[in-house]
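Note that the numbering used here numbers the sequence shown so that position 29 is 20, with each residue one more than the last. Don't be surprised by glycine CBs; every beta carbon is placed ideally from N, CA and C. Computed from a predicted structure; not experimentally measured.
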Amino acid sequence: MHSTLRSPNRLCQPLRSQIARAGNGRRGMQSASTESRKEGDISSVFSSLSGEIQKPLPQRFAEQKQRLINGNEDAVRHAWNSLLPQLLQEIEEIRSTGPAIVPELDFKDIGNPNTQQDFAKRLKKTGVAVIRDVVSEEEALGWKSEIREYIKQNPQTKAFPPDDPQVYELYWSRPQLRARAHPNLLAAQSFLMSHWRSSSP
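Now the structure itself:
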């Protein structure tokens, strides 16, 4: 995703001021009334899990989108049309490469300049990566065992689907906190985030 993807960005730069103005206009918009609803599980957030028919967004979203592109229709259209050929090219590469399209790196190599350069190049293109062996299998299985024991002692823990739980609504259990605070995990996160900037060079 090289110059073809960057050029639409430049074409759409005038949209930034429109976005800022539209954002300020939100103060004048009436917020949708919040209806009380019964407490559910995580499936209620995703229509694909709950089986509920997805309702269309309120009209105000269409109006907001219109405000964002107002006066820049040609630039947006040009940006989209120039993006399509690049998307087709990338889709074909993903199809032909398969799972190997996602770059991988062993945790022990995150400071190795010999492997870092190629990994960084691929990461910036895909936006996703796998870092292996961040923690030992023994330690990870220990966390999993603790969580299972917690669920056993707290059967009220919400899960989805209820008859064959695959996702438990746990966020702040002790093993989860230990995992998030693990120095290797923090080092891996810092390494990945170091590849991105908040502004163009």
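| Query | Result |
| --- | --- |
| CB of L194 within 9 Å of CB of Q167, strictly | An answer regarding residue 194 cannot be provided, because it is not within the stretch -8 to 192 covered by the chain. |
| A170 vs A131 beta-carbon contact at 9 Å | yes |
| Meets three-Cβ-pair contact criterion under 8 Å: the segment 92 to 109 and the segment 122 to 130 | yes |
| Three-state secondary structure assigned by DSSP to R123 | strand |
| Beta-carbon proximity check, F151 vs I101, cutoff 9 Å | no |
| Proximity of R165 and Y141 at Cβ, strictly below 9 Å | yes |
| Opposing strand residues paired with Y159 [DSSP bridges] | A150 |
| Distance between E83 and K56 (C-alpha atoms, nearest Å) | 31 Å |
| Contact check, P153 vs D32, beta carbons under 9 Å | yes |
| Spatially closest choice to K115 from P49, S73, W187, by CA coordinates | W187 |
| Residue ranges of each beta strand (DSSP E) within the segment 65 to 118, 3 or longer | 95 to 97 |
| Buried/exposed call for F52, threshold 16 Cβ in 10 Å | exposed |
| Length of the line joining the Cα atoms of A91 and G62 | 42 Å |
| Extent of the continuous alpha helix (DSSP H) to which E128 belongs | 128 to 144 |
| Coarse secondary structure for P49, derived from DSSP in three states | coil |
| Pick from S189, P156, R58, Q144 that is closest to L40, judged by C-alpha positions | P156 |
| Of the residues W71, T117, Q147, the one placed nearest T88, counting alpha carbons only | T117 |
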